[in-house]
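Structure, as structure tokens:
In the working numbering, the protein residues as written are 64 to 320.
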């Protein structure tokens, strides 16, 4: 498992809110066997992952009194976590975090599952409390990429889990219909291509390359076209008819490909 990105490499804002970064770090620490590390070693791993600016901020913080009963050694790792949380969580801009949440809309090709997952991630720093799920549901209804889905959910009054099930069912149905339409369309194209090829053969376009080369410099006095003589195997069905057939052949074969 790769280590999380540095919490704060340069001056400015961290790449992730503290709580989200801390969750990534906790998973990484477990993956490398950190539960067996001493507090000092865990602190060393933590400080290494803070990044240059994160470490500078940590060094500037006032050391907190931390520990159990008087005289007992304190856990230096837990103390470091408490210091960092007190500093970075106090800087959380709830107004900004909620603005990000309510500005999030479903992408054109984004599934409802991915959309709701993104809203859940944004909601973690919005301090919504017990109404978090209902606000995620409302935002997914308000900012869905489908008017049909929106109308369906507005008439059902579902909770978040029910709303997700309804939309995923509709997405699955739409995907199946699209696949069936493509399948039927491809079969239709193949049938059209076969019919056009038969028509081309009927009007005389299926001529050998030697025959075409032989008559390449000739002009037909019947139809006025070059490439064949009046006695050529190509039947004279009219310039307009031949042109239309060839155009249809090009269109159909391109669709089949």
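Ideal placement from N, C-alpha and C gives every residue a C-beta, glycine not left out.
Rounded straight-line distance, which links the Cα of residue j to that of residue i
i: residue 79; j: residue 85; result: 9 Å
i: residue 209; j: residue 101; result: 53 Å
i: residue 270; j: residue 234; result: With a pLDDT of only 47 at residue 270, under 50, the local geometry of the prediction cannot be trusted, and the value read off the model is given with reservation. So the alpha carbons of these two residues sit roughly 50 Å apart.
i: residue 195; j: residue 187; result: 9 Å
i: residue 156; j: residue 124; result: 21 Å
i: residue 68; j: residue 204; result: 33 Å
i: residue 66; j: residue 180; result: 23 Å
i: residue 211; j: residue 177; result: 19 Å
i: residue 325; j: residue 184; result: This structure gives no information on residue 325, because the portion of the chain shown stretches from 64 to 320.
i: residue 139; j: residue 82; result: 19 Å
i: residue 165; j: residue 191; result: 12 Å
i: residue 220; j: residue 167; result: 21 Å
i: residue 189; j: residue 89; result: 22 Å
i: residue 95; j: residue 64; result: 8 Å
i: residue 75; j: residue 120; result: 12 Å
i: residue 215; j: residue 103; result: 56 Å
i: residue 77; j: residue 200; result: 28 Å
i: residue 160; j: residue 206; result: 17 Å
i: residue 122; j: residue 217; result: 53 Å
i: residue 154; j: residue 182; result: 22 Å
i: residue 149; j: residue 117; result: 14 Å
i: residue 223; j: residue 197; result: 6 Å
i: residue 202; j: residue 228; result: 16 Å
i: residue 225; j: residue 73; result: 43 Å
i: residue 158; j: residue 232; result: 35 Å
i: residue 213; j: residue 230; result: 9 Å
i: residue 115; j: residue 193; result: 37 Å
8 Å contact criterion, which residue i and residue j should meet: CB distance rounded
i: residue 113; j: residue 70; result: 5 Å
i: residue 105; j: residue 92; result: 7 Å
beta-carbon residue i near the ligand ATP non-hydrogen atom, thresh 7 Å
i: residue 221; result: No copy of the ligand ATP appears in this structure; indeed no ligand is present at all.
- Task: Say whether the region 99–115 touches the region 138–145, bearing in mind that this needs 3 or more beta-carbon pairs closer than 8 Å, one atom from each stretch.
- Result: The region 99–115 is in contact with the region 138–145.
- Item | Contact between the region 93–100 and the region 158–175 (3+ Cβ pairs under 8 Å) | no
- Query: Residue ranges of each alpha helix (DSSP H) run of no fewer than 4 residues wholly in the region 87–128, ordered along the chain?
  - Reply: The qualifying runs are 102–112 and 115–123.
- At which residue ranges does the region 178–226 contain complete alpha helix (DSSP H) runs of 4 or more residues, listed in the order of the chain? 195–205 and 210–219
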